[in-house]
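If you want the numbering used here, it's the 1-based position in the sequence shown plus 230. Beta carbons are placed, not taken as given, at the ideal position from N, Cα and C, and that holds for glycine. As structure tokens, the structure follows; a few thoughts come after it.
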Amino acid sequence: MEAILTFIGLLVVISFFFRFIGAIFIMLFRYPILLLFVILGIYFLFRNFRFRFYTYKTRENPYRNYGNQSQSNYGSQNYYDLRQKYDYYRSLFNLPENFTKDELKKRFRELTKKYHPDKCPDNKEKCEEQFKKINEAYEFLLKYAK
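Okay, structure coming up:
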């Protein structure tokens, strides 16, 4: 019985919605000046709005340095930047598209052993920089591991 009453209530709400929309359309077509104002209003509202399609730009370097950004900026970045960062870090670790936490942890340990500043005495500065980059990539990718 509750399901039937819920269904009837849903139909009533939908009918009110369509009556409201229908009344708006009748008003717009009965008084063409209102239609003109609506079209102009939509134009002025969206004229400075730019649609951004999240596709890869071929002219930019996808392997640019992300070391200067802090973790607090993750929420303010858009999808394009996060995806580019994700792909860069994944290529740094040489991981597949769908990777697990175990694969990430295993690859992280291999790279930290290879680039640890104490294990690399000949070029210590480069190893330190790479080690920081690996740590940052691990923290970032840990959120996306399955």
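- Closest option to K336, judged by alpha-carbon separation, among E327, E359 and F323: F323.
- Under the Cβ criterion (8 Å, minimum of three pairs), the segment 308-326 does not count as touching the segment 342-352.
- Going by beta carbons, L334 and L325 fall inside the 8 Å limit.
- In this structure, L265 lies near F259, with their beta-carbon atoms less than 8 Å apart.
- No residue range can be given for E327, since it is assigned to no alpha helix (DSSP H) and is classified by DSSP as neither H nor E.
- The C-beta of A233 has fewer than 16 other C-beta atoms within 10 Å across all chains shown, which makes the residue exposed.
- Taking 8 Å as the upper bound for CB-CB distance, A375 and K331 are in contact here, some 4 Å apart.
- For G271 and R277, the gap between their C-alpha atoms comes out near 10 Å.
- Residue burial annotation: L240 is exposed, with fewer than 16 other C-beta atoms found within 10 angstroms of its C-beta.
- In the structure shown, Y273 falls within a helical segment according to DSSP collapsed to helix, strand and coil.
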